[in-house]
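Peer 1: Submitted below is the structure of interest, expressed as structure tokens.
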Ligand SMILES: [Mg+2]
């Protein structure tokens with residue numbers, strides 16, 4: 141079974157890069173460009189993992205996470221993918237309730253493995 145990853149990212153270039161890298165690594169990728177679109181997609185496609193840009197038009201990543209949890213998406217791991225590189229920000233992201241944090245720009249080589257580490261063991265094949 142291919143793990144399904146929902147990528148919420150408003151920057152077209154970043155979205156394409158993440159999509160291509162994950163697809164090449166064998167994942168099924170679902171795209172969303174706003175938090176609102178992401179919540180709708182999550183409820184529709186039941187992803188195994190959500191990768192979330194924090195700076196989004198409309199509701200931001202933190203609010204999107206909150207609404208996702210409120211909408212019943214409680215078990216799906218949600219990982220922030222963001223350009224904030226400072227340690228304090230990492231702590232803040234985890235405090236907001238994200239399951240993890242990956243930095244932009246992503247490393248094309250390392251990214252699939254980093255993503256895999258956040259999947260529940262039964263889907264991380
Ligand atoms: Mg953004």
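Numbering (this note's numbering), first residue to last: 141 to 265. Where is the CB? At the ideal position from N, CA and C, for every residue including glycine.
Pull up the DSSP beta-bridge partners for residue 193, would you.
Peer 2: In the chain shown, the residue the question calls residue 193 occupies position 53. Beta-bridge partners of residue 193 (DSSP): 221.
Peer 1: By DSSP, does residue 264 sit in helix, in strand, or in coil?
Peer 2: Here residue 264 refers to the residue found at position 124 when the chain shown is read from its first residue. Residue 264 falls in the coil class under three-state DSSP.
Peer 1: Is residue 150 near ligand 1, with its Cβ less than 7 Å from a heavy atom?
Peer 2: As a working note, residue 150 is residue 10 in the chain shown. True, at least one ligand heavy atom lies under 7 Å from that Cβ.
Peer 1: Whose CA, out of 196, 174, 147, 172, lies closest to the CA of residue 161?
Peer 2: Counting from 1 along the chain shown, the entry for residue 161 is found at position 21. Of the listed residues, the one whose Cα sits closest to residue 161 is 147.
Peer 1: Confirm, please, whether the CB-CB distance from residue 193 to residue 229 is below 8 Å.
Peer 2: In the chain shown, counting from the first residue as 1, residue 229 sits at position 89. In the chain shown, counting from the first residue as 1, residue 193 sits at position 53. Cβ distance not < 8 Å, so residue 229 and residue 193 don't count as in contact.
Peer 1: What are the boundary residues of the alpha helix (DSSP H) that residue 235 is part of?
Peer 2: Along the chain shown, one-based indexing puts residue 235 at 95. Run containing residue 235: 227-235, per the alpha helix (DSSP H) assignment.
Peer 1: Look up residue 240 in the DSSP assignment and give the residues it is bridged to.
Peer 2: Along the chain shown, one-based indexing puts residue 240 at 100. Answer by DSSP bridge pairing, in chain order: 219.
Peer 1: By Cβ distance below 8 Å, which residues in the same chain neighbour residue 259 in space, the five residues on each side in sequence not counted?
Peer 2: Locating residue 259 in the chain shown gives position 119, where the first residue counts as 1. Excluding the 5 residues flanking it on each side, residue 259 has same chain C-beta neighbours closer than 8 Å at 143, 188, 189, 217, in chain order.
Peer 1: Given the structure, does residue 195 come close to ligand 1, in the sense that its CB is under 7 Å from one of the ligand's heavy atoms?
Peer 2: Walking along the chain shown from the start, residue 195 turns up at place 55. The answer is yes for residue 195.
Peer 1: How should residue 248 be labelled, buried or exposed, when 16 other C-beta atoms within 10 angstroms of its C-beta is the threshold for buried?
Peer 2: One-based indexing of the chain shown puts residue 248 at position 108. Flag for residue 248 reads exposed.
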